[in-house]
Amino acid sequence: MRGLTGSGDRTTAHRGSTLRAGLAAGSTAMAGLAAFALLCAGCSTGGTGTRDEGPAGARPVAQATPSTAVPTGTAKPAARVNAVLLVKADPEVSGRIRNELKPCAGDEYPVDTSYGSLTDGPAPDLVVNVMTCGDSVGVGTYVYRQGADGSYENVFTAEIPAVYGTIDRGDLVVTTQVYGSKDAIAYPSGEDVITYRWAADRFIETDRVHNDFNRALGEGDLPAPPTAQN
3 MRGLTGSGDR TTAHRGSTLR AGLAAGSTAM AGLAAFALLC AGCSTGGTGT
53 RDEGPAGARP VAQATPSTAV PTGTAKPAAR VNAVLLVKAD PEVSGRIRNE
103 LKPCAGDEYP VDTSYGSLTD GPAPDLVVNV MTCGDSVGVG TYVYRQGADG
153 SYENVFTAEI PAVYGTIDRG DLVVTTQVYG SKDAIAYPSG EDVITYRWAA
203 DRFIETDRVH NDFNRALGEG DLPAPPTAQN
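Okay, so the sequence shown: first residue is 3 according to the numbering used here, each after it adds one.
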């Protein structure tokens with residue numbers, strides 16, 4: 003019995019040693035797995051892993067610097083031109099308009115100037131509108147193109163009552179008011195809107211729109227509605 007018991011004790015002790023050894027090995031494996039899991043967790047944080055703490059080795063850190071490049075599509079500012087002197091010195095402008103072009107108040111002339119690309123020249127073209135002082139009615143529209151020597155050439159002239167020119171996406175758009183025999187200057191009967199495009203060294207008409215206005219507008223107040231009677 004003792005031999006059986008002793009054999010049993012040895013077996014138990016052997017099993018205990020084996021169990022302790024297994025537990026020790028399991029603890030070591032678990033510690034290794036925990037360390038590996040911690041490393042993986044660090045690598046997955048923010049998608050950069052341990053590099054979040056700083057650059058590896060002696061490699062310099064890239065730094066963002068402000069860009070000095072000009073955004074695409076940004077046009078260079080056009081050099082300003084004295085449109086009044088340009089019109090007064092232009093022989094293509096009628097003598098009447100040149101003589102009557104005077105300041106309305108102080109040194110303010112009734113002249114509007116637009117700069118833009120119309121003729122594909124070396125510099126922005128000028129659209130100059132001359133108006134009257136009293137009611138700001140356009141009396142002349144002119145387009146000037148700069149030559150290679152820096153001088154300006156008159157390439158378009160429209161001297162019609164109530165005329166005004168603008169630049170629209172590379173086209174010249176000229177609007178003129180149409181008056182009937184009894185129309186007040188503030189209430190024209192309609193308007194003509196003509197679009198020109200530069201081709202073969204001159205402006206060619208590409209579109210024309212006529213608008214008729216309601217003649218009832220501007221002829222006084224409308225009568226009051228009748229009062230309801232009890």
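Backbone N, C-alpha and C fix where the C-beta goes; we use that ideal spot for every residue, glycine too.
(request) For the alpha helix (DSSP H) containing V95, list its first residue and its last residue. (result) For the purposes of this step, residue 95 is taken as residue 93 along the sequence shown, with counting starting at 1. Counting along the chain, V95 falls outside any alpha helix (DSSP H), and DSSP gives it neither H nor E.
(message) Relative to the C-alpha of R96, which candidate in P105, A107 and T143 has its C-alpha closest?
(response) On the sequence shown, position 94 is the one that residue 96 refers to. Looking at the sequence itself, residue 96 is Ser, so the reference to Arg does not match. The candidate whose alpha carbon is nearest that of S96 is T143.
(message) Taking the straight line between their C-alpha atoms, what separation do you get for N131 and P112?
(response) Start at 1 with the first residue of the sequence shown, and residue 131 comes out as number 129. Start at 1 with the first residue of the sequence shown, and residue 112 comes out as number 110. Each residue's alpha carbon lies about 8 Å from the other.
(request) Compute the distance between the beta-carbons of T177 and E193, then report whether it is under 7 Å. (result) Indexing the sequence shown from 1 puts residue 177 at position 175. Indexing the sequence shown from 1 puts residue 193 at position 191. For T177 and E193, yes; Cβs fall inside 7 Å.
(message) Suppose the cutoff is 7 Å on Cβ atoms and the five residues either side in sequence are ignored; what does the same chain contact list for D185 look like?
(response) For the purposes of this step, residue 185 is taken as residue 183 along the sequence shown, with counting starting at 1. Cβ within range, chain order: S191.
(message) Output needed for G24: all residues of its chain with C-beta closer than 8 Å, excluding positions within five of it in sequence on either side, in chain order.
(response) Translated into the one-based positions of the sequence shown, residue 24 becomes position 22. At G24, the pLDDT of 45 sits below 50, so the modelled position is not reliable; the number obtained from the coordinates is stated separately. So no residue of the chain qualifies.
(message) Check whether the region 122-136 and the region 165-183 are in contact - that is, three or more C-beta pairs closer than 8 Å.
(response) yes
(message) Do V195 and A164 have their beta-carbon atoms positioned less than 7 Å apart in this structure?
(response) On the sequence shown, position 162 is the one that residue 164 refers to. On the sequence shown, position 193 is the one that residue 195 refers to. No, Cβ-Cβ distance for A164 and V195 is not below 7 Å.
(request) Can you give me the Cβ contacts of V211 inside the same chain, cut-off strictly under 7 Å, excluding the 5 residues immediately before and after it? (result) The count along the sequence shown starts at 1 and reaches residue 211 at position 209. Counting only Cβ-Cβ distances below 7 Å, and skipping sequence neighbours, we find V195.
(message) Is A91 a contact residue of the ligand HEM, with contact defined as CB to any heavy atom under 6 Å?
(response) Inclusion of the ligand HEM in the displayed structure is not the case, the ligand content being empty and no account of it being possible.
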